[in-house]
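Notes follow the structure.
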Amino acid sequence: MPQSKLSLSRQNDAFHFAVSNADGATISLDGSPAIGGENKGLRPMELLLAGVAGCSAIDVGLILKKQRQQVEAWDIEITGEREAADTATPWKKVHLHFIFAGPLDPNKVRRAIDLSLETYCSAALTLKAFATITYSFAINGETYESS
Numbered sequence: 001m002p003q004s005k006l007s008l009s010r011q012n013d014a015f016h017f018a019v020s021n022a023d024g025a026t027i028s029l030d031g032s033p034a035i036g037g038e039n040k041g042l043r044p045m046e047l048l049l050a051g052v053a054g055c056s057a058i059d060v061g062l063i064l065k066k067q068r069q070q071v072e073a074w075d076i077e078i079t080g081e082r083e084a085a086d087t088a089t090p091w092k093k094v095h096l097h098f099i100f101a102g103p104l105d106p107n108k109v110r111r112a113i114d115l116s117l118e119t120y121c122s123a124a125l126t127l128k129a130f131a132t133i134t135y136s137f138a139i140n141g142e143t144y145e146s147s
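Going left to right, the sequence shown walks through residues 1 to 147 as this note's numbering numbers them.
Right, dumping it as structure tokens:
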């Protein structure tokens with residue numbers, strides 16, 4: 001079974017941490033200022049959203065390449081909603097908006113995103129256990145909703 005190992009190290013006397021993988025790639029984590037954080041990194045819950053966006057970006061890119069679609073540029077905006085509470089609350093709604101540029105077939109883009117979020121993206125499949133995941137996408141400024 002594949003295994004991942006990360007290291008988390010404290011960076012200051014507040015809640016700033018560095019997380020590194022075995023290859024040496026590093027990201028910064030921090031708590032919110034409300035609890036003493038200093039805005040020096042992503043919040044842990046934001047990392048879950050970033051994981052879904054990154055995982056799906058890789059899947060969609062690979063699928064569109066196989067479909068011989070020429071992607072000139074793309075971004076993903078991801079939003080999440082969760083209950084306001086003083087205790088731990090999971091994401092309830094997650095929405096990804098893919099923004100593409102290039103001569104792309106909207107049906108192929110939609111199919112690539114569907115395959116990613118329904119079949120290939122492990123991060124999305126993990127989050128789906130407790131959150132509704134939706135998406136929309138735009139190609140050269142024209143917006144499309146999920147099927």
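The beta-carbon is built from N, C-alpha and C at its ideal position, and this holds for glycine as well. This one's a predicted model, so the numbers in the text were calculated from it and none came from an experiment.
- Per DSSP, N107 is one residue of the alpha helix (DSSP H) stretching across P106 to L115.
- For V94, there is no enclosing alpha helix (DSSP H); the enclosing beta strand (DSSP E) covers residues W91 to A101.
- When beta bridges are read from the DSSP output, E77 appears opposite H97.
- By a beta-carbon distance limit of 8 angstroms, P90 does not contact A124. Their separation comes to about 14 angstroms.
- Between S9 and G37, the alpha-carbon positions lie close to 15 angstroms from each other.
- When the five nearest sequence neighbours on each side are left out, the beta carbons in the same chain lying within less than 6 angstroms of the beta carbon of G51 are those of A123, in order along the chain.
- As DSSP reads the structure, V19 sits in a beta bridge with L8 and I27.
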